[in-house]
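K.L.:
Starting off with a structure, shown below.
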Amino acid sequence: GAVVSQHPSRVICKSGTSVKIECRSLDFQATTMFWYRQFPKKSLMLMATSNEGSKATYEQGVEKDKFLINHASLTLSTLTVTSAHPEDSSFYICSATGLAGVVDTQYFGPGTRLTVL
Amino acid sequence: SQQGEEDPQALSIQEGENATMNCSYKTSINNLQWYRQNSGRGLVHLILIRSNEREKHSGRLRVTLDTSKKSSSLLITASRAADTASYFCATEKIEGAQKLVFGQGTRLTINP
């Protein structure tokens, strides 16, 4: 149980285009989802926290107009990177927490590697 | 300030040996969690230890927490080649609303 999926797993896009990444909790209701960004051989940096039906809370330094987050249901959150540029290339990972498994545990998706040309 | 700083940054040992990784943090926490990440993959939750706990076991894993020193250790006993991965500690601060702050990670290599 407590499986989180992400789609796509890998995406390559041209500079200036927008990319949407989906994060789904497959077998539980995720009251809260988190979006992280990870650079090669580096740690995860929290970008934003989203709760179903409300606006996402962004971490300091994260542009909310560039990284649009929507948490429309208890099983789906999306991250849209708008007008992507090469510096947005990174590994994006979501996690979900809710009524599943061990309390307080975040369950992570497999990640999405974004490459902006 | 940085939470969850691991040391060593990289560790290479022989299969069968024990691997110990350490994590230090700076603020008061609700809990501390250890995660594993294989190259280019997502994170796998290993173990969670709460602030009122001192030690926890799960299979070949042993985690300790010393809140007075703001430090934790992860011990993997009888290591296997499949344990090769990066290991991260993550802390949930008391006022953190479930937000996790990750350390820089330890890259563990188990040589067969």
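Read top to bottom, the protein sequences are chains A and B.
With this note's numbering applied, the first sequence covers 4 to 120.
With this note's numbering applied, the second sequence covers 2 to 113.
Positions of the beta carbon are idealized from the N, C-alpha and C atoms, including for glycine.
Taking its Cβ as the centre, do 16 or more other Cβ atoms sit within 10 Å of B:Arg81, making it buried, or is it exposed?
P.N.:
Walking along the second sequence from the start, residue 81 of chain B turns up at place 80. Exposed, because fewer than 16 other Cβ atoms sit within 10 Å of the Cβ of B:Arg81.
K.L.:
B:Arg42 versus chain A: which residues are under 8 Å apart at the beta carbon?
P.N.:
In the second sequence, residue 42 of chain B corresponds to position 41, counting from 1. The contacting residues are Pro113, Gly114.
K.L.:
Mind checking whether A:Ser21 and A:Ser76 have CB atoms under 8 Å apart?
P.N.:
As a working mapping, residue 21 of chain A is identified with position 18 in the first sequence. As a working mapping, residue 76 of chain A is identified with position 73 in the first sequence. No, they are not a contact pair.
K.L.:
Given B:Thr28, which residues of its chain have a CB within under 6 Å of its CB, disregarding the five upstream and five downstream residues?
P.N.:
Indexing the second sequence from 1 puts residue 28 of chain B at position 27. Hits under 6 Å: Lys94.
K.L.:
Report buried or exposed for B:Ala20, applying the criterion of at least 16 other Cβ atoms within 10 angstroms of its Cβ.
P.N.:
Position 19 of the second sequence, counted from the start, is the residue given in the question as residue 20 of chain B. Classification of B:Ala20: buried, given that the 10 Å Cβ count is 16 or more.
K.L.:
Measure the alpha-carbon distance for B:Asn53 versus B:Ser69 and round it to whole angstroms.
P.N.:
Here residue 53 of chain B corresponds to residue number 52 of the second sequence, with the count starting at 1. Here residue 69 of chain B corresponds to residue number 68 of the second sequence, with the count starting at 1. Their Cα atoms are separated by approximately 11 Å.
K.L.:
State yes or no: is the C-beta of A:Ser80 within less than 8 Å of the C-beta of A:Met36?
P.N.:
In the first sequence, counting from the first residue as 1, residue 80 of chain A sits at position 77. In the first sequence, counting from the first residue as 1, residue 36 of chain A sits at position 33. Yes; because the gap between Cβ atoms is below 8 Å, this pair is in contact.
K.L.:
Quick one, are the C-beta atoms of B:Phe89 and A:Ser46 less than 8 Å apart?
P.N.:
For this step, residue 89 of chain B is matched to residue 88 along the second sequence. For this step, residue 46 of chain A is matched to residue 43 along the first sequence. A contact, by the Cβ cut-off of 8 Å.
K.L.:
If we count Cβ pairs, one from each stretch, closer than 8 Å, do we get three or more for the stretch 61-68 of chain B versus the stretch 40-51 of chain B?
P.N.:
A contact exists between the stretch 61-68 of chain B and the stretch 40-51 of chain B.
K.L.:
Which whole-angstrom value describes the C-beta separation of B:Ser87 and B:Cys24, a residue pair presumed to lie in contact below a C-beta threshold of 8 Å?
P.N.:
Within the second sequence, the letter at position 86 stands for residue 87 of chain B. Within the second sequence, the letter at position 23 stands for residue 24 of chain B. Actually they do not touch by this definition, with Cβ atoms about 13 Å apart.
K.L.:
So which residues of chain A does B:Leu75 contact, with C-beta pairs closer than 7 Å?
P.N.:
Here residue 75 of chain B refers to the residue found at position 74 when the second sequence is read from its first residue. Near B:Leu75 there are no residues of chain A at all, since even the closest Cβ is about 16 Å away, more than 7 Å.
K.L.:
Provide the residue span of the beta strand (DSSP E) that contains B:Lys57, from first to last.
P.N.:
Along the second sequence, one-based indexing puts residue 57 of chain B at 56. Taken as a continuous stretch (DSSP letters only), the beta strand (DSSP E) holding B:Lys57 covers 56-59.
K.L.:
Going along the chain, which unbroken runs of the beta strand (DSSP E) with 3 or more residues stay wholly within the stretch 55-95 of chain A?
P.N.:
If we require 3 residues or more, the beta strand (DSSP E) runs fully inside the stretch 55-95 of chain A come out as 70-76, 79-84.
K.L.:
For the stretch 81-105 of chain B, which residues have a CB atom closer than 9 Å to at least one CB atom of chain A, in sequence order?
P.N.:
Cβ contacts with chain A: Ser87, Phe89, Ala91, Glu93, Ala98, Gln99, Lys100, Leu101, Val102, Phe103, Gly104, Gln105.
K.L.:
In angstroms, rounded to a whole number, what distance separates the CA positions of A:Lys17 and B:Gly60?
P.N.:
The sequence position of residue 17 of chain A within the first sequence is 14, counting from 1. The sequence position of residue 60 of chain B within the second sequence is 59, counting from 1. A:Lys17 and B:Gly60: Cα-Cα distance of roughly 46 Å.
K.L.:
Give a yes or no on whether the minimum CB-CB distance between B:Leu47 and chain A is below 8 Å.
P.N.:
One-based indexing of the second sequence puts residue 47 of chain B at position 46. It does not; no Cβ of chain A falls within 8 Å.
K.L.:
Bridge partners for A:Thr35 per DSSP, in chain order?
P.N.:
Here residue 35 of chain A corresponds to residue number 32 of the first sequence, with the count starting at 1. Note: A:Thr35 sits in a beta bridge opposite A:Asn54, A:Thr100.
K.L.:
By DSSP, does A:Asp30 sit in helix, in strand, or in coil?
P.N.:
Taking the first sequence and counting its residues from 1, one reaches residue 30 of chain A at position 27. Here A:Asp30 sits in coil by DSSP.
K.L.:
First and last residue of the beta strand (DSSP E) that includes A:Arg116?
P.N.:
Residue mapping note: residue 116 of chain A aligns to position 113 of the first sequence, counting from 1. First-last of the beta strand (DSSP E) with A:Arg116: 115-119.
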